[in-house]
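Here is the structure we will look at, set down as structure tokens.
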Amino acid sequence: MQGSLMLDIAGTWLTAEDRRLLRQPEVGGLILFARNIEHPAQVRELCAAIRAVRPDLLLAVDQEGGRVQRLRQGFVRLPAMGALAGCDEAEQLAEACGWLMATEVLAAGLDFSFAPVLDLDHGRSAVIGSRGFAGDPQAVIRLAGAFIRGMHAAGMAATGKHFPGHGWAEADSHVAIPTDERSLEAIRARDLLPFQQLRGQLDAVMPAHVIFPQVDAQPAGFSRRWLQDILRGELGFDGVVFSDDLSMAGAHVAGDAAARVEAALAAGCDMGLVCNERAAAELALSALQRLGVQPAPRLARMRRRAFPGIDYKQNPRWLRALESLRQARLID
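Quick note on my numbering: the sequence shown kicks off at 178 and runs consecutively.
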């Protein structure tokens, strides 16, 4: 059974301590960062070693395109999604990006990437910026929907982030506690639209470590108002909810790592991410062991649905997708 905690590791191979942690039943996933990745063969070997310890673990990565791209050497350097909106045949290019990204991530041995970004680029947030498809919600819906079609065609589940929208808040939640002072009506009118319109295509959602004080005093990822009343109730979303990294500064309002993971799960997250701080991960693990949290069966939906094999670059669709991106001058 899937656990409710996603952790990380420090290096390019598993240590004895990593293996001990991954064997804990409360651990349900592992996310790779750039420090864990050298080249495609090494990633495949690492993923195989992880699955030898725990075959049921979900293996994830952040592979959005642009500056958020952990798989680099030997992988296609996809453009930032914000570069697509001004292109001819933007939807076809978005679908090609989604398919290429998912195919490479799956071929490396992982289950999914936390993508796509559904935040609107309001021109205010440096941490979002060109990671978003556009500033217009209808353009985001159209392009992100195409990107998701590509992901699904390759066999990967899609995760929309960062609910209900991180594009207006100026602070970076990695290092600060952002706030968005707008009313719920203003957020509903624009930022919520991609999540609402794409809810049937999304397999998972990741909430933002952003406080919306006119809606709730807690960041969205710790808020039953956002996750239960609005995401589940109002939008009718029935997929997986992943917390964003609970080690980020924007999550510290909830207390130490144990309090953060408890608060995230109590608010409605199915899995909590605790990354880049092993002591915090141990504390969160102890909290879950004490609480006896029952994992959500829907987490199994995030498993890879296809494995393209290591010869995927011979696939005619691969060659066509690369050529379309080259012709649009989005990749070299």
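Glycine is no exception: its CB is placed at the ideal position from the N, C-alpha and C atoms.
Mind checking which residues open and close the alpha helix (DSSP H) that includes D195? A193 to L199
Counting Cβ pairs closer than 8 Å, one from the stretch 274 to 285 and one from the stretch 316 to 335, do we hit at least three? yes
Short Cβ contact (8 Å threshold) for A473 with D447: yes
For A385, which of helix, strand or coil comes out of DSSP? coil
Determine the DSSP secondary structure at G449, reduced to helix, strand or coil. strand
Taking 8 Å as the threshold (C-beta atoms), are M183 and A237 in contact? yes
Near D185, what residues of its chain come up, given a Cβ to Cβ distance below 7 Å and the 5 sequence neighbours on each side ignored? L207, I208, F210, C452 and N453
I'd like to know whether the C-beta atoms of S302 and E358 end up nearer to each other than 8 Å. no
Could you say which of N213, A316 and G286 lies nearest to G259 if we only look at CA atoms? A316
Pull up the DSSP beta-bridge partners for I487, would you. According to DSSP, I487 bridges with nothing at all.
Work out the CA separation of Q240 and A225 for me, nearest whole Å. 20 Å
Between P293 and A457, what straight-line distance do the alpha-carbon atoms span, to the nearest angstrom? 27 Å
Please go through the same chain and pick out, in chain order, the residues whose beta-carbon is closer than 8 Å to the beta-carbon of V470, but skip the five residues on each side of it. S181, E203 and L442
Give me the Cα-Cα distance between A461 and D433, rounded to the nearest whole angstrom. 9 Å
Going by beta-carbon coordinates alone, are D298 and G306 separated by less than 8 Å? yes
Using C-beta distances below 6 Å, list every residue in its chain close to V230, excluding the 5 sequence neighbours before and after it, in chain order. R196 and L199
Please classify H329: does DSSP put it in a helix, a strand, or coil? helix
Residue interval of the alpha helix (DSSP H) (run including E500): P493 to Q504
Out of G410, G486 and A385, point me to the one whose CA is closest to A353's CA. A385
Is it buried or exposed, A505, if we count other Cβ atoms within 10 angstroms and call 16 or more buried? buried
E411: buried (16+ other C-beta within 10 angstroms of its C-beta) or exposed? exposed
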